[in-house]
Each structure stands twice: as C-alpha cells, then as structure tokens.
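See below for the structure under consideration.
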Amino acid sequence: MSNAESLVDKNMNKTGIENQKMKQKDGDVEKGQRQISVSSVPWSKVVVMVLAMGVLIAACSIAWAFQDWQTSLQVLAILVIVYVIAFYWRWIWVALRTAKRDFSALYCYIKILWLTRSFSKKNYSMPEIFHNVVLRHPDKPCFLFEDESWTFKQIEDFSLRVSAVLKSKGVKRGDTVAVMASNYPEMPAIWLGAARLGAVCPLINTNQTGNTLLHSINVAKCDFVIYGSEFDHAIQEVRKELKSSLKLLKFTRRPLNLSADSVKVVDSDEDFTAILENTSPAAWSPSDSEGFNGKLLYIYTSGTTGLPKAAVISPSRMVFMASGVHYLGGLSPKDVIYCPMPLYHSAGGCITVGQAFIFGCTVALRTKFSASAYFTDCIKFNATAAHYIGEMCRYLLATPSKPTDKQHKVRTVYGNGMRPTVWTDFVNRFGIKRVVEFYGATEGNANIVNIDNKTGAIGFISRIIPAVYPIAIIKVDENTGEPIRDSRGLCQVAKANEPGVFIGKINPSNPSRAFLGYVDKQASEKKIVRDVFRHGDSAFISGDILIADELGYLYFRDRTGDTFRWRGENVSTTEVEAAISRVADQRDAVVYGVEIPNTEGRAGMCGIVDINDSLDLDKLVKDMGRDLPKYARPVFLRIMTSLDMTGTFKLKKVDLQKEGFDPILIKDKIYYLEPKSEKYITLGPEEYQKIMAGEIRL
Numbered sequence: 001m002s003n004a005e006s007l008v009d010k011n012m013n014k015t016g017i018e019n020q021k022m023k024q025k026d027g028d029v030e031k032g033q034r035q036i037s038v039s040s041v042p043w044s045k046v047v048v049m050v051l052a053m054g055v056l057i058a059a060c061s062i063a064w065a066f067q068d069w070q071t072s073l074q075v076l077a078i079l080v081i082v083y084v085i086a087f088y089w090r091w092i093w094v095a096l097r098t099a100k101r102d103f104s105a106l107y108c109y110i111k112i113l114w115l116t117r118s119f120s121k122k123n124y125s126m127p128e129i130f131h132n133v134v135l136r137h138p139d140k141p142c143f144l145f146e147d148e149s150w151t152f153k154q155i156e157d158f159s160l161r162v163s164a165v166l167k168s169k170g171v172k173r174g175d176t177v178a179v180m181a182s183n184y185p186e187m188p189a190i191w192l193g194a195a196r197l198g199a200v201c202p203l204i205n206t207n208q209t210g211n212t213l214l215h216s217i218n219v220a221k222c223d224f225v226i227y228g229s230e231f232d233h234a235i236q237e238v239r240k241e242l243k244s245s246l247k248l249l250k251f252t253r254r255p256l257n258l259s260a261d262s263v264k265v266v267d268s269d270e271d272f273t274a275i276l277e278n279t280s281p282a283a284w285s286p287s288d289s290e291g292f293n294g295k296l297l298y299i300y301t302s303g304t305t306g307l308p309k310a311a312v313i314s315p316s317r318m319v320f321m322a323s324g325v326h327y328l329g330g331l332s333p334k335d336v337i338y339c340p341m342p343l344y345h346s347a348g349g350c351i352t353v354g355q356a357f358i359f360g361c362t363v364a365l366r367t368k369f370s371a372s373a374y375f376t377d378c379i380k381f382n383a384t385a386a387h388y389i390g391e392m393c394r395y396l397l398a399t400p401s402k403p404t405d406k407q408h409k410v411r412t413v414y415g416n417g418m419r420p421t422v423w424t425d426f427v428n429r430f431g432i433k434r435v436v437e438f439y440g441a442t443e444g445n446a447n448i449v450n451i452d453n454k455t456g457a458i459g460f461i462s463r464i465i466p467a468v469y470p471i472a473i474i475k476v477d478e479n480t481g482e483p484i485r486d487s488r489g490l491c492q493v494a495k496a497n498e499p500g501v502f503i504g505k506i507n508p509s510n511p512s513r514a515f516l517g518y519v520d521k522q523a524s525e526k527k528i529v530r531d532v533f534r535h536g537d538s539a540f541i542s543g544d545i546l547i548a549d550e551l552g553y554l555y556f557r558d559r560t561g562d563t564f565r566w567r568g569e570n571v572s573t574t575e576v577e578a579a580i581s582r583v584a585d586q587r588d589a590v591v592y593g594v595e596i597p598n599t600e601g602r603a604g605m606c607g608i609v610d611i612n613d614s615l616d617l618d619k620l621v622k623d624m625g626r627d628l629p630k631y632a633r634p635v636f637l638r639i640m641t642s643l644d645m646t647g648t649f650k651l652k653k654v655d656l657q658k659e660g661f662d663p664i665l666i667k668d669k670i671y672y673l674e675p676k677s678e679k680y681i682t683l684g685p686e687e688y689q690k691i692m693a694g695e696i697r698l
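And the structure:
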C-alpha cells in the first residue's frame, strides 16, 4: 500500500471516530434537551395536583370509614367536579362558548365527506355529477344572464354539442383545451363539454395580454384555445409566438333564441360558433376522464413570485370547495345566487358554478361587477344569496343610499376579504342576515368558513375537537416567512392571539386532504412544508399570516412573500418588476404595495431608476398595457437615481414601502396613475391630501 493510500485510510479512520463522537455528543445534547423540557415543567402546578389527589384519596377514605361506600362515591364525584373546574375551568369556558359552533360544523363536515365518498365510489367526474342534477330537474333555470334563462337541460345540450365538435377536431383524454371567455352561461358549458372527452381546461384570466397571456397558454401546454370574440385582439397579438400545433377556435356569442343572422360569423375551421350550429349534440354517455380524482381545470394564480401559475383543480377539489360553502354557509338547492365574480377564478368558477353543477342552485351571472347595479340585479333575478369579495362591499357602501337597498330577497352573502371595518355597516345598510366569509387558496387543500356570523372572522379552528379537521397556525420568522422549529426540528403551533401561517395537513389517500398544487412541480414543492408535527409528515403552507383568538376564531393579518392584493387580485411584484424593466429599456425597477386609507388591499408602487430624465411616462403606460393587466399596473411611480441592493443583488424594498407615497417625506418625483386619462400625473402635497381624504379615487 502506498503512503498516500495509508494516509487516506488514517484520515478516514480518524474522521469516522470523530463522527461517532459527534453522534454521541448529539445524542447527549438531545437527551439533555429532553431533560430540560422535563425540568421546565411548572413544579408548583405538579405539587398542587399531587396534593389535590392526596386530599381526594383521604376524603374518600374517611367517608368510607365513618359512613359507607355510597357516601364515599358521592364525595369522590363532588371532589372530581371541583378538581376539574379548578384546573380546567378555562377549557370548560371555551367549550361552552364554542360547542354549538364546533358540532354544527362537524355535522356539515360529515355531510361533505359523505358526498365526496359517494362520488368517489362511483368515480364520477363533473359531467356525471351535473347529469344527475339535470335528471332531477331538467327544466329548472341553471343560469340567468341579462334577459336570458338557461335551463339545466339547455346547458347540458350545449355542452354535448361542444363535446361533439371537439371530438371531431381530435380532442381526446389528456389533451389541454384552454377557455378564455367572459361571464356568460356558455363559458362553463364549454369546459364541461371538453371535460366529457377527458380534456383538462385551463381557464385563462381575461385581463391577461401580451407575454402574460403567452405564458399562461404555454405553461399549460395547450393543444386548443377556445376564446370569446371579445378577446380577439389579445389573441391576435400573441398568435405569431404560439406553437404551430396549437389550434385556435373563436366563439362569437349569440343571445339565446336569436337567429343566426343576428351576429355575423365568418365560416372557417376556427369559427367555433358556426361549427357548433352545424353539429348535432353528442348522445350522453359517461365521460372519458380520469374520474373523481383526475384533472378537471387549471386555474391561474400569481402565487408568491413570478408569472401566473396553473393550479390543478380536480372534480374532488371542486366538490370539496363548493360543498363546504354550501353546507357550512346554509345554502339550499332552492337558492338563486347572484354572481358578478369572474368565472376564471376558483371563487366564481368553482364555488359558485359548483352550486349549480353539484347542488342544482340557480346562478345569475353578470359580465362585470357594477356597484350601482349589484342589488338592482339581485331584485331583478330574485336572488336569495350573493357572492362578493371584500373590495366589492366597500364599493357598494360608497354608492348613495336609495330605497332599493333593502328591497331585495338576499338573506346570505358569501365570499372573502370583507374588512371588519366595513362588515357591520354593510350588514346594517343592506339588511343582510348572514355573512359567510371563507378562506382558502386555489392551489391549497384546506378551506375554512365563518359559519356563525362572527364579525371579521374568516373561519375558525376548534379548540375542543381540533383533530377532526387537520389545519393549524404555525409560528414563522417574520422576515423570511420560514417556520420556526423546536429542538426536534418540528414546527410549533402559534398560541392564541399570536400571528402565524395557515397550513393544511396533506393526506394523499383522502381526496379532501390531497395537495394537487400546480402544473409546475417545482412551484408545487415550494408550497409544501415537511416535518410539521412529526417527522415524515407534510402540509400545504399558505403564506398568509393569520391570528386565532382564544375561542379559535381566525382573522386575516397579512401576506408573506412578494405578493400583495389589489382590486381583488393577487399582484406578483416579481412579474411586474420584470415587465416594467423590459419595456423601460432594462432600467432597475422595484415594485411593492402601499396602503391607502379606507381602501381594500395595497396599491402598487414602482420605484424606477431614471438618471438622465429620459423616461417617457406616456410610452411607459402604453407599453405596460400590453403586458400587464390593469390591476397589476403600478398606481404610483417614484423616479429615483439609484436603488439599494443586498449583497446577493436583490432589490431592497422594505424602507421604500415604509416611506409610502408622501411627497413631504420623499425628495424623489412621485406620480399617480389617473384612472380616466390613464396617464401618470405629478403627485404633490395637495394631491396627496386629496388621495388620503378619498377625494381622488384610485
């Protein structure tokens, strides 16, 4: 053996011995930690408990010795009651306050599990679930839209016609058929028809244009895109950059029962409307899909960073979301539900459409939300329930009071994001009996619902039966958003009134607990935290900071990561920064959200470097319009000479966010985006005061 080999062996032996010593040392440390955890027990409490047990035994013995065993049992019962009250009175108080809430929710949860189990045993996909509803009441209105009324049978017939056309185009199981259409009844009927063939349908956000739209089509690996004629311009802008094998089909909507001459349609291979009109509906048959746990839809969410991500929605996930709101929100198949929410989102497209497709409710649709028409529409459609997001409620309160405010039949509103400061005024002004606030990420595996009208709460965690629904609030580092772990390397549950991140335990064998994540597997992995409460387990981590009070009611606190919410949409700062830098000759740009008084969410603000005053603001607005939806375009601009960066070349934004848009505190030029002219206007002290007072609305 050579000297070199001998030296290596000696080093390896030495390393092995050192490793053994380190392992032994780690074991001693772990043992010491266990000892520390035992020694940290409050001994005063242990002593009191031991003394109490001693008194209990002594009292029973005396009663037995001087009386009889029956008296001894009575004394025992009394002392046990006293003992329990003395040591567990707080838990008893919480249990008495929350038992009705928790057991009502448990009853609803059992109904949800029973429903999902029934569909799972039959391996139903959404076309089968909907067909059963059609058989129960084919002539009942399914969707109300403007002056049209679509029955359940008409929706199914339209979807069967879609199935026939797509099948003739070669669509088969596993293909991806994107749908980009407005809020009209044909939109969900189109994806239902595609789902019958086993296709997966990405629902494209209709605000998307340019590179964002191109990305959404490409990331889902679309084979077909069915788009409404109202988005022809957006599609034609990116057409040349789409893959050659992609097939485009344009749908030109005709109002129900009108003749074909009412809309001029060019007859071609891409003319989806003309082909539909010349094709008979396919005969109904079970879908050729993967079934209850297969892929149904892709719904796009900005997530925490980057371009929009395609979240996977299965029939089981859609049923779980919709049934949660249905049962816990006290809805009924007899309800008429008003929905001005976009159907490409999970809230409108899964939860509200699910009320029709799964439970047989009637859903009234509106193309776009209008504050002045909200309750007028509810009166027109005889709505008994309505869907909202928090920003809508603020807009509704901002409208002038009128006699029709309480002339509707809406007893329940459901949605997410209603601010506690708006809640009471909204309920009182519009005479709403019940607000069903819910919370849950599109890509997540856990939803929570406020079932008992608790003002400001987004749901609850049971304090008396917490194991029934495996969700939790865990402690995280405020700066990094990473879970704080104990000496064993496991996560720690946040205490009452302590902020933490919401998680949902993952159980792949249970459809309601499985995590489907995104099409992008790497992005999915980032939403999973492992070794949560025991080694080897895992959970979906939402990235949202919540607080649970002593009774278990949950309240939204903030978001972690590079995302803020504006106009009911998640805005990815990474995406906006990249888009602005690209159209502004690769200038450094940093984007963050700033708060405006009495406004839901955060308004986007961009700090951009312009050393020689050469930035053309009008051109910037025009160029941003091609790549960014309106809600993502910065409301404020801050023109800077340089930007601070970290050692790893990451832009610093915390200090900028703290400074906000106050021109008195900031020496840089500041501009705000005037909504009507869509131009950036200089923001001085006078404009700042008007914005703060609500005189300038953004």
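For the sequence shown, counting from 1, position 696 maps to 696 in the UniProt record's numbering; every step adds exactly one.
From the three backbone atoms N, C-alpha and C, an ideal C-beta is built for every residue, glycine too.
Every value quoted in this text rests on a predicted model; they were computed, and no experiment measured them.
Residue nearest to Met-180 in terms of C-alpha spacing, selected from Lys-169, Lys-167, Asn-207: Asn-207
Three-state secondary structure assigned by DSSP to Asn-570: strand
Close beta carbons around Glu-230, own chain, < 7 Å, minus the five adjacent residues each side: Ser-182
From what residue to what residue does the alpha helix (DSSP H) around Cys-201 run? Taken as a continuous stretch (DSSP letters only), Cys-201 belongs to no alpha helix (DSSP H), being part of the beta strand (DSSP E) at 201-203.
Bridge partners for Ile-473 per DSSP, in chain order? Phe-502
Just mark Thr-301 as buried or exposed, buried being the case when its beta carbon has 16 or more other beta carbons within 10 Å. buried
Below 9 Å between beta carbons: does that hold for Gly-440 and Met-321? yes
Based on the DSSP secondary-structure assignment, which residues constitute the bridge partners of Cys-491? Arg-485
In chain order, what residues of the same chain lie with their CB nearer than 6 Å to the CB of Ile-691, ignoring the 5 residues before and after it? none
Using only CA atoms, which one of Ser-370, Ile-358, Leu-328, Phe-359 lies nearest to Met-341? Ser-370
Considering only the beta carbon of each residue, do Ile-608 and Asp-588 sit closer than 9 Å? yes
What residues in its chain sit with their C-beta under 6 Å from that of Val-353, if we drop five residues either side in the sequence? Pro-188
Helix, strand or coil for Val-29? Go by DSSP, reduced to three states. Because Val-29 sits at a pLDDT of 36, beneath the cut-off of 50, its placement in the model cannot be relied upon, and the point is left open.
Where does Val-468 land, buried or exposed, given buried means 16+ other C-beta within 10 angstroms? exposed
In terms of alpha-carbon separation, which member of Gly-536, Lys-526, Ala-347, Glu-290 lies closest to Ile-299? Ala-347
Segment contact, 8 Å Cβ cut-off, at least three pairs: the region 488-499 with the region 429-440: no
Which residues mark the beginning and the end of the beta strand (DSSP E) in which Asn-211 is found? From DSSP, Asn-211 is part of no beta strand (DSSP E) but of the alpha helix (DSSP H) over 210-219.
Would you kindly work out how many angstroms separate the C-alpha atoms of Gly-170 and Gly-291, rounded to a whole number? 20 Å
Anticipated Cβ contact below 8 Å, Phe-119 with Val-436, distance rounded: Rounded, the Cβ-Cβ distance is 23 Å, inconsistent with contact.
Buried or exposed: Asp-486, going by 16 or more other Cβ atoms within 10 Å of its Cβ? exposed
Which term fits Ile-92, buried or exposed, when burial requires 16 or more other beta carbons within 10 angstroms of its beta carbon? exposed
Bounding residues of the alpha helix (DSSP H) (the contiguous stretch that carries Lys-192): Inspection of the sequence shows that residue 192 is occupied by Leu rather than by Lys. Looking at the DSSP string, the run of the alpha helix (DSSP H) that includes Leu-192 is 186-196.
Just to confirm before moving on: does the CB-CB distance between Thr-209 and Gly-536 stay below 9 Å? no
Enumerated in chain order, which unbroken segments of the beta strand (DSSP E) with a length of 3 residues or greater are wholly contained in the region 624-675? 636-640, 669-674
Tell me the residue span of the beta strand (DSSP E) that contains Lys-679. 679-682
Mind checking who Glu-437 pairs with in its DSSP beta bridge? Gly-415
CA nearest to the CA of Lys-676, picked from Phe-661, Ser-372, Val-635, Ser-245: Val-635
What residues match up with His-387 in a beta bridge as DSSP calls it? Tyr-414
Give the DSSP bridge partners of Leu-249, in chain order. Ile-226
Under the three-state reduction of DSSP, which class applies to Gly-303: helix, strand or coil? Here Gly-303 scores only 42 on pLDDT, less than 50, and its place in the model should not be relied on; the value that follows carries that caveat. Three-state result, Gly-303: coil.
C-alpha distance - Phe-540 paired with Asn-447, whole-angstrom precision: 12 Å
Suppose only complete runs of 4+ residues qualify. What are the alpha helix (DSSP H) ranges in the region 504-537, listed by chain order? 521-525
Does Met-318 come out as helix, strand or coil in the three-state DSSP assignment? helix
Go ahead and pull the three-state DSSP assignment for Leu-365. strand
Could you check which residue in Thr-273, Ser-524, Ser-168, Phe-103 has the C-alpha nearest to that of Val-312? Ser-524
Cβ pair count under 8 Å reaching 3, the region 383-400 against the region 328-343: yes
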